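Accompanying notes for the structure given below.
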Amino acid sequence: MVAQDLHSAGTYDAESDTGGSNGAGMRYEAEGGDPANAGLQHGRAFLEPVKERHPWITYSDLWTLAGVVAIKELGGPEVEWKPGRTDLVDDSKVPPRGRLPDAAQGAEHLRFIFNRMGFNDQEIVALAGGHNMGRCHMDRSGFHGPWVNNPTRFSNQFYNLLLKLEWTPKTLENGIQQFVYVDPDAEEGDEQLMMLPTDVALITDPKFRVWVERYAQDKELFFDHFAKVFAKLIELGIKRDAKGVIINSDNVKGGYVSAPKKSNVPTGLSQRGGGCPMARL
1 MVAQDLHSAG TYDAESDTGG SNGAGMRYEA EGGDPANAGL QHGRAFLEPV
51 KERHPWITYS DLWTLAGVVA IKELGGPEVE WKPGRTDLVD DSKVPPRGRL
101 PDAAQGAEHL RFIFNRMGFN DQEIVALAGG HNMGRCHMDR SGFHGPWVNN
151 PTRFSNQFYN LLLKLEWTPK TLENGIQQFV YVDPDAEEGD EQLMMLPTDV
201 ALITDPKFRV WVERYAQDKE LFFDHFAKVF AKLIELGIKR DAKGVIINSD
251 NVKGGYVSAP KKSNVPTGLS QRGGGCPMAR L
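Shown next, in the form of C-alpha cells:
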C-alpha cells in the first residue's frame, strides 16, 4: 500500500503541475503496465473487496487512505489524510512513463526524481524510511529480500542497519546488483538482509548521510518527519481551498469522477522495471 502511494503520487512534476495522487491512473495499462510499477497490482487487487463494499469511495482516496492506515497499524506515526480525490474516466490524462525512481541508481538520480516533485534532501531521506516495511521480490522489482529484521513493524531500524552493518555488493541470478549483509552467525536457510543501490547512496552522499545519522539516533524525529513528508507526498497534484475542498480544474470540469471497479484480479507486468524504491506493502 505504501509503495502504491509513492508510485502513484511519484508521477508528479511540479514544473508542469501534472501527475500526482489524483486520478488513480494505475487502473489503466498506460500507467499500471509501466514496468516500474511491477507487482503493485497485487495491492490494488487486495483492496477491491473494500471498494466493492464501499463503492462511494474513489480509488485514489482508497489507495492513499490504505497507505496511511498501514503505516499506523504497523506502529508508525499518524499521517494526516484528507479526502476528495477523484478518478480518471479514461487514460487520456495519465502522466508519461519515466518519472519514477530507479533503485539501481545513485544519489544524483534520487535528487533528480524527487526534486522534480518538490522534495529536498531531508525529505528524500525521510521517505526512504518506508523501507522499514515490507521487502523486495525478484519476480516484481528484480531485487530480493527484506531491508530489516522485522518488516511488519514500523521503526527507524532501516537507518541503524544502514549505518552499522557492512553492505557487500551481490549480483543476483537475474544479473541485478544489490547489497547484502553477510551475517557470520547466520544459520542455513536464514534470509540475508538487503539494501538497494539507492539506499547505500544515502550513506555515501554526505548531505544525505547527515539525515540518516539523525534518524538512526532519534526515532521520534524520524516519525515526525516521515509523517509530514508522507502527508505531503499523497497531496502532490492536489489543490484545495481554505475549507480543504479540492479545486483542481479537472474536477470542476468533470474530467475526473469516481470510476467503476475495473478488476479484482492482479494484472500487469511482473518483471523488473524501475525497481522496488519503496516497500511492497
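UniProt numbering applies: residue 1 is where the sequence shown begins, and numbers increase by one. Cβ coordinates follow ideal geometry from the N, Cα and C atoms, glycine included. What you are looking at is a predicted structure, and each value in this text was computed from that prediction instead of being measured.
Euclidean distance between Cα positions of residue i and residue j
{"i": "Asn22", "j": "Asp199", "result": "28 Å"}
{"i": "Lys219", "j": "Leu233", "result": "21 Å"}
{"i": "Phe143", "j": "Ala242", "result": "44 Å"}
{"i": "Thr152", "j": "Met133", "result": "6 Å"}
{"i": "Val69", "j": "Val2", "result": "10 Å"}
{"i": "Leu236", "j": "Gly20", "result": "5 Å"}
{"i": "Leu127", "j": "Gly118", "result": "13 Å"}
{"i": "Thr11", "j": "Gln217", "result": "32 Å"}
{"i": "Val257", "j": "Glu78", "result": "28 Å"}
{"i": "Leu269", "j": "Met138", "result": "Confidence in Leu269 is poor, its pLDDT being 44 and thus under 50, which makes the residue's placement unreliable; the coordinate value appears in the next sentence. Each residue's Cα considered, the two are about 13 Å apart."}
{"i": "Lys82", "j": "Gly244", "result": "8 Å"}
{"i": "Arg209", "j": "Leu6", "result": "22 Å"}
{"i": "Phe114", "j": "Val125", "result": "11 Å"}
{"i": "Val94", "j": "Tyr28", "result": "8 Å"}
{"i": "Asp121", "j": "Arg111", "result": "7 Å"}
{"i": "Glu123", "j": "His54", "result": "34 Å"}
{"i": "Thr204", "j": "Trp147", "result": "18 Å"}
{"i": "Asp17", "j": "Ser92", "result": "16 Å"}
{"i": "Asp185", "j": "Glu15", "result": "50 Å"}
Sheet register partners of residue i (DSSP bridge)
{"i": "Lys170", "result": "Gln178"}
{"i": "Leu88", "result": "Tyr256"}
{"i": "Ile246", "result": "Arg240"}
{"i": "Met194", "result": "Val180"}
Whole-angstrom C-beta distance between residue j and residue i, which should lie under 8 Å
{"i": "Ala66", "j": "Leu47", "result": "6 Å"}
{"i": "Phe154", "j": "Gly76", "result": "3 Å"}
Item to check | Inter-stretch contact (C-beta, 8 Å, three-pair minimum) for the segment 222 to 231 and the segment 177 to 196 | outcome: no
Checklist entry - Do the segment 33 to 42 and the segment 98 to 115 make contact, defined as three or more Cβ pairs closer than 8 Å? => result yes
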